[in-house]
Each structure stands twice: as C-alpha cells, then as structure tokens.
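Below is one structure, written out as structure tokens, with a few remarks after it.
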Amino acid sequence: CMATKVSVSALGTADKEGWLTKQGGKIKTWKKRWFVLKGDTLYYFKTQKDSEQTGEIKLLSTSACNPEPGKSKGKKYQFSVGTPNRVYYIFDETEKGMQQWVDKISKTIDNISNGGSGGASSSATVGNEPAPAATPVEQPKTTEPEKPSSPDPSPTVGNTDISKEEPKNTTGTSDGHLAKLNAAKSAIPFLSDDDSKVLEFWSIWSESIPNAEDMEGVSERIEFTLATSASREKLTWRAAGPQNAFIQKMVDFFWNVGAPESEIDKLNDVGALINPTKIGSWIDMSEKGGMDGGWYFPVDNTIKLALAAGDPGEPTNMVEDWAAQQNVEQSYSVGRDMGAAPPRQTEIFLRLPGSDVESQVSLALDAFSSFKFPEIPEAAKTILKEQSKAGICLSIITSSEGFVRLGILVPQPTRGCVDDLCGVVGASSDDIHALESSINSDGPSFVEYQHLTEGFGYGVYKEGFDVVFHYSLN
Numbered sequence: 001c002m003a004t005k006v007s008v009s010a011l012g013t014a015d016k017e018g019w020l021t022k023q024g025g026k027i028k029t030w031k032k033r034w035f036v037l038k039g040d041t042l043y044y045f046k047t048q049k050d051s052e053q054t055g056e057i058k059l060l061s062t063s064a065c066n067p068e069p070g071k072s073k074g075k076k077y078q079f080s081v082g083t084p085n086r087v088y089y090i091f092d093e094t095e096k097g098m099q100q101w102v103d104k105i106s107k108t109i110d111n112i113s114n115g116g117s118g119g120a121s122s123s124a125t126v127g128n129e130p131a132p133a134a135t136p137v138e139q140p141k142t143t144e145p146e147k148p149s150s151p152d153p154s155p156t157v158g159n160t161d162i163s164k165e166e167p168k169n170t171t172g173t174s175d176g177h178l179a180k181l182n183a184a185k186s187a188i189p190f191l192s193d194d195d196s197k198v199l200e201f202w203s204i205w206s207e208s209i210p211n212a213e214d215m216e217g218v219s220e221r222i223e224f225t226l227a228t229s230a231s232r233e234k235l236t237w238r239a240a241g242p243q244n245a246f247i248q249k250m251v252d253f254f255w256n257v258g259a260p261e262s263e264i265d266k267l268n269d270v271g272a273l274i275n276p277t278k279i280g281s282w283i284d285m286s287e288k289g290g291m292d293g294g295w296y297f298p299v300d301n302t303i304k305l306a307l308a309a310g311d312p313g314e315p316t317n318m319v320e321d322w323a324a325q326q327n328v329e330q331s332y333s334v335g336r337d338m339g340a341a342p343p344r345q346t347e348i349f350l351r352l353p354g355s356d357v358e359s360q361v362s363l364a365l366d367a368f369s370s371f372k373f374p375e376i377p378e379a380a381k382t383i384l385k386e387q388s389k390a391g392i393c394l395s396i397i398t399s400s401e402g403f404v405r406l407g408i409l410v411p412q413p414t415r416g417c418v419d420d421l422c423g424v425v426g427a428s429s430d431d432i433h434a435l436e437s438s439i440n441s442d443g444p445s446f447v448e449y450q451h452l453t454e455g456f457g458y459g460v461y462k463e464g465f466d467v468v469f470h471y472s473l474n
C-alpha cells in the first residue's frame, strides 16, 4: 500500500529510471510507464512529470528479479519482479535495457538482504516538497495500490487494468465471421466507396475483433449484431466475446482511434465493479460521416452498478428513481462511448417486468413520459400496441448534459410489422429485406422505437423519432 504520494521531481536523482511497459494487475494488458528505482522502491508513473505515482513496488529481501524470455507472446525482453503478494511482469524494448534493469534491481535486493536500504541513494523525502513546475495534462484523482494477483501473465478479467501500450499489428478476423460482416457491409450503399473514411473506420474496427488464432482453445463464440435504421442511413455494429480473447485488441482499437486515456481508465473502473465474463466493442456510423465507438459489457448486473458507468447528473438519478418505482432491478448490458470530447454517453439495456404485452408496453411508454421524451408518433404507437410480443426491453442513453436517447426494443417483429414501420418513417421495406437476404436472416431479433434528443445528432445522425432493426450476424 502506498502511504505517501510522491512526484517524479521529489525523487531527485534516481538509482535508475526509464520507460518500460508493465502488465496490469487487473485486466492483464500492457501499459507504458515511467519507472524510477529509488532506494528500496520501484515507482512507476504515467509521465516523466507526474505529481504522484501511479503505483510502486516495494522491494524486500525476499523479492526476486529475473529475465522471462518468451513468457508472453511478443514480449521478447520481458522480466519479472516478484514480491510476497504479487509477481510483476515488465518488458523493455531491447535485451540490453532489460538486462540492465534486472542487474540493477537484483543488486538493490541483494543490498537489502545484507541490511542496506536499497540502492546507492537514499529513499526520497517527501511531504514539504513543492509541486513540480509543469503538471501533466491529466492527473489521477487518487492513487490506488495495485491489488495482489496471480503471476500468470495470460489475460484475465474481473479486476481490471487497461493497457495504453502502442497498438500491435493485428491479422484481422477469421474467414467465417469476416464473410458475414462483409456481406452486411456490402448491402449498405454508403459503405461502397473505397475511399470513404467511414469504411476505413469500419475496417479498423473489424480487424480488432479476435481472429481464429486468438480464439483457439476458447469454447465461447463471438456474438455479432448489426442495428440499422429503417433508411439504412445509420448503423451500429457490435462484437462481443470472452474477455481474455477480446481485451487487448479492443484496447488497441481504442488507442488507434484516439480514445482519451481518462476513458480507458473509466473502462478499468467499471470493469472492476462489474467483473464481466464477456466484453465487446461497438461502432456507430452514418451516411453523413458520423463515426463513434465504445465498449460494452453484455452481462447481467444491477441497475445501480450499470448506472455507475455513467457520469453523475439528473438523468442518472431519474433512471435510478424510475427503476426503483417500477421494480426494475437488473440491467443486461452497459456500455459507454470512447469519443475524444465530452459529454460522454452511457447506454444501459434493461428488461421490463411483467409477462403480458399490455403492461410492458404501458411501462415502456411511461419511461418516455417520465424521462420527458416526446411521445412516439401515433402511427408507430398503434403498431407498438397491436403488433408487439412480450419480452420488451429499454435502451437508455444518458450524459452529464441530459438524456441522449431512449428506445423501446420489441422482440421478433413480423415481416408485416417491419413493412408497416418502414412506412411510418418513409423508408423502403424492400431495402431492408434485401439486407436481410444478404445476411441470410429471417428477420430482426428486435425492432427499436427510438428517439434521439435534439442537439445530440451533431449534424450527422437523425434526431427525433426513428425505427431501428437489430440483427444477429451469427
């Protein structure tokens, strides 16, 4: 446990310092950190100018430091620092650099074993140290100790720590699901331009999905879904699977597209709270050039935990109060966008209680009223009331600046329902059926009656009421 916060400048002359990449103690991916060996402690920071450490490794006489060649794929110059509570895995970019760190840390441990205090210099004195002149762009609000974990360096989820390592090359998805994704993509007119930035974005995302080699020995399959507006002008792609196969490539994708470090930290925090066995990434895109992406955990959890992924504010409070009043206790998925600029958007999905359609429809419409969304158009409301099945769910997107979107998801709409709803929004049902044919689908898994709040379309997404069809691509 770190008793005292210490800045890089407060440590003064180090016994050794430099950039290394460290494996996380929660979700075991890799982060570049500035390491400083001072006395009997190995400190690590996000930058060379940080005002407090991200973590520290206290060296003891029982500690050990050893090279670990080939311990983790692609980390050729890896070494370990073992303590009674945990084995830390770290790598350097060169063999020479790795060996220098191993020699220096081992010498420090030997010195401690012989009754010394560590390295050649004494531990830093802190407390009255002035703040450094330059502060990093982003400071952690609190410094938390690393939790003890298994020394096994293979990725595991639950208690999460996300990588900021520079992205590695990926080999793309396996032929099976790549063919299905490509078939769906080919049915969308605005994705036919090879020079399209939106198509490039889709390609980067699709290559971040684990391939056949990544899934070797994994029994769970990857789940793919596509949601399209009735006009096919706006799409959401999702892919989810076992976290140990997904996490590194998913984080590399976020790194590739410029996600802020603070949001990757948020993913870490929510992962530690929910402890998901399954994780996934999603992307939004539109004919007008809209491109957004983020993560989601498609696992059951309490409403309270799901809302913890969001930013505090009136919308979050209203959802919590409404859920309590309506006896809605569980969410079956939670996710968040990773855009470069706030306000951040958080989406939760929940199943409505009750076994009969009438009560579920009534409760769904009550959510529109309670959250102060405009009423659904009468023609759509009639279809909702007359052509729905039980098993209705809600999708709720909140932000610190208000409700973003609300959707009512009705399972397994009939072909006639699809045709009727396309008519309500002036879309061609023939185009939707052509898409279904291209992906060998008998019809949508869900139809969503949704409303996007004015101001949150940013000129690239349709605001107001729309109809969205959700398809499984498995």
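Using full-length UniProt numbering, the first residue of the sequence shown is number 1, and each one after it goes up by one. Ideal placement from N, C-alpha and C gives every residue a C-beta, glycine not left out.
Can you give the Cα-Cα distance for K32 and K22, rounded to whole angstroms? Taking the sequence shown and counting its residues from 1, one reaches residue 32 at position 32. Taking the sequence shown and counting its residues from 1, one reaches residue 22 at position 22. One C-alpha to the other measures close to 6 Å.
Quick check: what's the CA-CA separation for P312 versus P342? Taking the first residue of the sequence shown as 1, we reach residue 312 at position 312. Taking the first residue of the sequence shown as 1, we reach residue 342 at position 342. Spanning the two alpha carbons is a distance of roughly 13 Å.
With DSSP as the reference, please indicate the residues paired to K31 in a beta bridge. Along the sequence shown, read from residue 1 onward, the residue named residue 31 stands at position 31. According to DSSP, K31 bridges with K22.
Quick one: Cα of W255 to Cα of N244, how far? By 1-based counting over the sequence shown, the position of residue 255 is 255. By 1-based counting over the sequence shown, the position of residue 244 is 244. W255 and N244: Cα-Cα distance of roughly 18 Å.
Looking at the structure shown, is M215 part of a helix, part of a strand, or coil, going by DSSP? Reading the sequence shown from its first residue, position 215 is the one you call residue 215. M215: coil per DSSP, three-state reduction.
C-alpha gap between L178 and Y296, whole angstroms: Here residue 178 is taken as the residue at index 178 of the sequence shown, counted from 1. Here residue 296 is taken as the residue at index 296 of the sequence shown, counted from 1. Rounded to the nearest angstrom, the two C-alpha atoms are 21 Å apart.
Looking at the structure shown, is V328 part of a helix, part of a strand, or coil, going by DSSP? Against the sequence shown, residue 328 aligns to sequence position 328. Residue state, collapsed to three classes: coil.
Between which two residues does the beta strand (DSSP E) carrying residue 497 extend? Any property of residue 497 remains undetermined from this structure, which presents the chain solely from 1 to 474.
For N317, which of I247, G12, F371, K16 has the nearest alpha-carbon? As a position in the sequence shown, residue 317 is number 317, starting the count at 1. The option with the nearest alpha carbon to N317 is F371.
Measure how close the beta-carbons of R405 and L452 come, nearest whole angstrom, since I'm counting them as under 8 Å. Along the sequence shown, one-based indexing puts residue 405 at 405. Along the sequence shown, one-based indexing puts residue 452 at 452. Correct: roughly 5 Å between the Cβ atoms.
Are the CB atoms of S438 and S192 nearer to each other than 8 Å? If you number the sequence shown from 1, residue 438 lands on position 438. If you number the sequence shown from 1, residue 192 lands on position 192. Taking 8 Å as the Cβ cut-off, S438 and S192 do not qualify as a contacting pair.
Less than 8 Å between the beta carbons of V460 and S286, yes or no? Here the question's residue 460 lines up with position 460 in the sequence shown. Here the question's residue 286 lines up with position 286 in the sequence shown. The answer is yes: Cβ separation under 8 Å.
Between the C-alpha atoms of S7 and V257, what's the straight-line distance to the nearest angstrom? The sequence position of residue 7 within the sequence shown is 7, counting from 1. The sequence position of residue 257 within the sequence shown is 257, counting from 1. One C-alpha to the other measures close to 30 Å.
Could you compute how far the alpha carbon of E465 sits from the alpha carbon of G280? Position 465 of the sequence shown, counted from the first residue, corresponds to residue 465. Position 280 of the sequence shown, counted from the first residue, corresponds to residue 280. With the sequence shown as reference, residue 465 is identified as Phe, and Glu is not the correct amino acid for it. Distance between the alpha carbons of F465 and G280 is about 27 Å.
Whole-number beta carbon distance between V418 and residue 481, since they are thought to touch under 8 Å: Only positions 1 to 474 of the chain appear in this structure, which leaves residue 481 out of reach.
Anticipated Cβ contact below 8 Å, R336 with G294, distance rounded: To locate residue 336, count along the sequence shown from 1; it is residue 336. To locate residue 294, count along the sequence shown from 1; it is residue 294. Right, the Cβ-Cβ distance comes to about 5 Å (below 8 Å), so this counts as a contact.
Whether Y449 touches L384 by CB criterion (8 Å): Walking along the sequence shown from the start, residue 449 turns up at place 449. Walking along the sequence shown from the start, residue 384 turns up at place 384. Yes. Within cutoff.
Identify the residues that DSSP records as bridge partners of D284: which are they? For the purposes of this step, residue 284 is taken as residue 284 along the sequence shown, with counting starting at 1. DSSP lists T236, D292 as partners of D284.
Give the range of the alpha helix (DSSP H) segment to which S359 is assigned. Residue mapping note: residue 359 aligns to position 359 of the sequence shown, counting from 1. Residues 357-370.
Taking its Cβ as the centre, do 16 or more other Cβ atoms sit within 10 Å of W34, making it buried, or is it exposed? Start at 1 with the first residue of the sequence shown, and residue 34 comes out as number 34. W34 is buried by the Cβ-count criterion.
Note down the Cα distance separating P189 from P444, rounded to an integer number of angstroms. As a first step, residue 189 must be located in the sequence shown, where it is residue number 189. As a first step, residue 444 must be located in the sequence shown, where it is residue number 444. About 20 Å.
Straight-line Cα distance separating E378 from S219: As a first step, residue 219 must be located in the sequence shown, where it is residue number 219. As a first step, residue 378 must be located in the sequence shown, where it is residue number 378. If you take the alpha carbons of S219 and E378, they lie about 46 Å apart.
Taking the alpha-carbon positions, what's the P210 to L363 distance? Position 210 of the sequence shown, counting from 1, holds the residue named residue 210. Position 363 of the sequence shown, counting from 1, holds the residue named residue 363. Answer to the nearest angstrom: the Cα atoms are 39 Å apart.
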